[in-house]
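Colleague: If you count by the working numbering, then the sequence shown holds residues 1 to 594, one letter each, in order. Once you've had a glance at the structure underneath, I'll fire off some questions.
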Amino acid sequence: MAEDFNAEQKRYLEGFASGIAAARMTGGLGQAPAGGVAEPTGPDASHIKAQEKTVKAGGKLCDQEKWKRAENPFEGHNRLIAEAATGKAPKPEDNFRWRYHGLFWVAPAQNSYMCRLRIPNGILHHWQFAGIADLADAHGGGYAHVTTRANLQVREITPEHGQPFLDGLIDLGLTARGAGADNIRNVTGSPVAGIDAQELLDTRPLAKSWHNWILNDRSLFGLPRKFNVAFDGGGVLPVLEETNDIGFQAIAVAEGAAVAPGVWMRLVLGGISGHRDLARDTGVVLRPEDCNRVADAILRVFIENGDRTNRNKSRMKYVLDAWGFEKYLAAVEEKLGRKLDRVDPAHVKPRGGFDRYAHIGVHGQAQAGLNWVGVVLPVGKMTTDEMRALAAIARECGDGQIRLTVWQNFLFSGVPDARVAEVEARVAALGFTTRASSIRAGLVACTGNRGCKFAASDTKGHALVIADYIEARVTELDVPVNLHLTGCHHSCAQHYIGDIGLIGAKVVVSDEGDTVEGYDIVVGGGFGDSPKIGTEIWKAVKADDCPGRVEALLRAYLTGREGPSESFQAFTARTGPDSLRSLAEDQPVLKAAA
């Protein structure tokens, strides 16, 4: 019917629809007050004002901002439920709204929803873990993935099963609210919080408190873009807080600083590894109990000033780039009504060392006679039968908790010395291991094109092929090397911080433009005590050729390193990308393929 209207009529209708939407968000269609347009009120007021400021300045709101105005995702929930109950696939705008409730329509990769949960600090009770497995059987595809935000996602949820799945989460004391779209994602913290003898601070109360702060304030939903927050307790296992918009790092402040000595949280801002940036130290420190208030103020500055026109430039990093850190922090201080404390790095005590692979294997806890046991999950996937069996191990042999990590695996905690062998044997009987090879321990892969429409390649499938190949061919590899495969520019697997990172690409293989799956390859990324964005050395490598490329890089490293104490990242930094490429291409495996 739209073709029956001429261009002028279409413009009129579009303007009328926008006016209706704006009126709905600002209090209805009644007569405006004598002073002009009514001031927006309610939990969405700050977002509406930011949109209006954008439009007044001549900007054009992106589609997602228009969808928020037309119908708030929370207010439209009952309509979404009714339509989904009929088995109807959502329209693009409703797909966006469903994400506020944790459901992502992932067609054409799969004609179904994926649900991403909220699990503060990544810790679940055994009965919750088993309960999620039951929900995945009843409403999904019978499996779950551990994500790179120490979270779980369940796939193949048909429309009519979406709300029943969400209801089932509530019965388990869990929620998926705000797990997608322009909201604050799952709150991460140290996976060994409370059991790590090195830690300065237990992040569990902080992560849970911030999680609850978010859920109980609707004005913190509907940001210009998604937002990540992480808490590092100063322990042995990296949290990757430098890849988050806000990172809180526990530090020990020495005598003589501008603040009292003791444990404080250092504030780092602006991490987004997919955009080639890591969070930077602001010089600000705060008491742990002030994290929520400071994070809230940072977010409100972002809400008012983030870009609502260009989705590619709408993360907080771009406000920081435009303003500089001092201007942004001044705006935060204005929100708080006080100055933030700052400490010279010279007054911060050195932190304990990192064990990049403490998420795998058996490690003694701070509590005498108890251990955590890290289990390798092949690219993070578990069947529901495996999940229930793992939950039983946690219940019978540990403290009953399962701790998810950002490395797409999990830990059993509270395992007595006398039960460690039993845990390892029962894990092995399920086909898993607690003793990873040097390549498989750091293997990370996003969903890939089997379940994500954005991915250019089958990342999980190719990751397993590469791991099998390297284990069989490079048997002399004696140190861990991180390998990250991500399917698209969203970089869910954070390829830029891997020792070797692969990002999906379509590789042209004929004059007619035919393509096959492949990757661009970067090297030298890092995190924890050596944070760095990797450097690209090859473009458009066919997936079939990637195992050989990885082998060549590893052989160049093993041949040219100064010894096992020189990490792969340190070797690449010393060698340089051009020389490393030449060394790799001179390896027999690539010469034979040339």
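Every residue gets a Cβ at the ideal spot worked out from N, C-alpha and C, and that includes glycine.
Which residues mark the beginning and the end of the alpha helix (DSSP H) in which Trp-213 is found?
Modeller: Locating residue 213 in the sequence shown gives position 213, where the first residue counts as 1. Boundaries of the alpha helix (DSSP H) around Trp-213: 204 to 215.
Colleague: Looking at C-beta atoms only, is the number of pairs between the stretch 168 to 180 and the stretch 97 to 105 that lie closer than 8 Å three or more?
Modeller: yes
Colleague: Does the structure place the stretch 515 to 532 close enough to the stretch 497 to 505 that three or more beta carbon pairs sit under 8 Å?
Modeller: yes
Colleague: Please decide whether Ser-112 counts as near chain D, where near means a Cβ-Cβ distance under 8 Å.
Modeller: Of the chains in the structure shown, none is chain D; there is only one protein chain.
Colleague: Suppose contacts are defined by Cβ-Cβ distances below 8 Å. Is Thr-282 in contact with Leu-299 by that definition?
Modeller: For the purposes of this step, residue 282 is taken as residue 282 along the sequence shown, with counting starting at 1. For the purposes of this step, residue 299 is taken as residue 299 along the sequence shown, with counting starting at 1. Result no, Cβ atoms of Thr-282 and Leu-299 do not sit closer than 8 Å.
Colleague: My assumption, with CB atoms under 8 Å, is that Pro-191 sits in contact with Leu-411. Please give the rounded CB distance.
Modeller: Taking the first residue of the sequence shown as 1, we reach residue 191 at position 191. Taking the first residue of the sequence shown as 1, we reach residue 411 at position 411. Taking 8 Å as the upper bound for CB-CB distance, Pro-191 and Leu-411 are in contact here, some 6 Å apart.
Colleague: Would you mind listing the alpha helix (DSSP H) stretches within the stretch 415 to 499 that are 4+ residues and don't spill past its ends, in chain order?
Modeller: Those alpha helix (DSSP H) runs which fall completely within the stretch 415 to 499 and span 4+ residues are 420 to 429 and 459 to 473.
Colleague: Unbroken beta strand (DSSP E) runs of length 3 or more, entirely within the stretch 333 to 402: which are they?
Modeller: Uninterrupted beta strand (DSSP E) stretches at least 3 residues long and entirely within the stretch 333 to 402 occur at 361 to 364, 370 to 375 and 381 to 383, given in chain order.
Colleague: Here's a check: name, in chain order, each residue in its chain whose Cβ is nearer than 6 Å to the Cβ of Leu-124, leaving out the five neighbours to either side.
Modeller: To locate residue 124, count along the sequence shown from 1; it is residue 124. Ile-402.
Colleague: Hey, how far is the Cα of Thr-384 from the Cα of Ile-157?
Modeller: Counting from one through the sequence shown, the residue named residue 384 turns up at place 384. Counting from one through the sequence shown, the residue named residue 157 turns up at place 157. The straight-line gap separating the alpha-carbon atoms of Thr-384 and Ile-157 is approximately 14 Å.
Colleague: By DSSP, does Asp-167 sit in helix, in strand, or in coil?
Modeller: Taking the sequence shown and counting its residues from 1, the one referred to as residue 167 is at position 167. Taken through DSSP and simplified to helix, strand or coil, Asp-167 comes out as helix.
Colleague: Run through DSSP, which three-state label would Thr-54 get?
Modeller: Residue numbering aside, residue 54 sits at position 54 when the sequence shown is read from its first letter. The answer is helix: DSSP assigns Thr-54 an H, G or I state.
Colleague: Excluding five sequence neighbours on each side, which residues of the same chain lie with their C-beta closer than 6 Å to the C-beta of Arg-24?
Modeller: Counting from one through the sequence shown, the residue named residue 24 turns up at place 24. Only weak support exists for where Arg-24 lies, its pLDDT of 47 falling under 50; the coordinates are left without a value.
Colleague: Helix, strand or coil for Val-146, going by three-state DSSP, please let me know.
Modeller: Mapped onto the sequence shown, residue 146 falls at position 146. Looking at Val-146 - three-state DSSP - the assignment turns out to be strand.
Colleague: Which parts of the stretch 45 to 110 are runs of the alpha helix (DSSP H), unbroken and 4 residues or longer, counting only runs that do not cross its ends?
Modeller: DSSP runs (the alpha helix (DSSP H)) wholly in the stretch 45 to 110: 45 to 56, 63 to 70, 77 to 84 and 92 to 99.
Colleague: What number of angstroms, rounded off, separates the C-alpha of Ala-647 from the C-alpha of Glu-241?
Modeller: The shown model of the chain, from 1 to 594, leaves out residue 647, and the question about it has no answer.
Colleague: Check Lys-226 in the structure and name its three-state DSSP category.
Modeller: The residue you call residue 226 lines up with position 226 of the sequence shown. The answer is coil: DSSP assigns Lys-226 none of H, G, I, E or B.
Colleague: So, with DSSP's three-state summary, where would you put Asp-296?
Modeller: Counting from one through the sequence shown, the residue named residue 296 turns up at place 296. Helix.
Colleague: Identify whether Glu-566 lies in helix, strand or coil by the three-state DSSP scheme.
Modeller: Counted from its first residue, the sequence shown places residue 566 at position 566. Reduced to three states, the DSSP call for Glu-566 is coil.
Colleague: In or out: Thr-559 buried (at least 16 other Cβ within 10 Å) or exposed?
Modeller: Position 559 of the sequence shown, counted from the start, is the residue given in the question as residue 559. That one is exposed.
Colleague: Which first and last residues belong to the beta strand (DSSP E) in which Arg-155 is found?
Modeller: As a first step, residue 155 is located in the sequence shown; it is residue number 155 there, counting from the start. Run containing Arg-155: 152 to 157, per the beta strand (DSSP E) assignment.
Colleague: Taking 8 Å as the threshold (C-beta atoms), are Ile-170 and Leu-404 in contact?
Modeller: Against the sequence shown, residue 404 aligns to sequence position 404. Against the sequence shown, residue 170 aligns to sequence position 170. No; because the gap between Cβ atoms is not below 8 Å, this pair is not in contact.
Colleague: Taking the alpha-carbon positions, what's the Asp-290 to Glu-424 distance?
Modeller: Position 290 of the sequence shown, counted from the start, is the residue given in the question as residue 290. Position 424 of the sequence shown, counted from the start, is the residue given in the question as residue 424. Asp-290 and Glu-424: Cα-Cα distance of roughly 41 Å.
Colleague: On the DSSP bridge assignment, give the partners of Trp-538 in chain order.
Modeller: In the sequence shown, counting from the first residue as 1, residue 538 sits at position 538. Per DSSP, Ile-521.
Colleague: For Lys-591, count neighbouring Cβ atoms within 10 angstroms of its own Cβ and tell me buried if that reaches 16, exposed if not.
Modeller: The sequence position of residue 591 within the sequence shown is 591, counting from 1. Classification of Lys-591: exposed, given that the 10 Å Cβ count is below 16.
Colleague: Short of 8 Å in beta carbon distance, which residues of its chain neighbour Glu-551, apart from the five on each side in sequence? Order them along the chain.
Modeller: Looking up residue 551 in the sequence shown gives position 551. Cβ within range, chain order: Tyr-469, Ile-470, Arg-473, Val-474, Gln-587 and Val-589.
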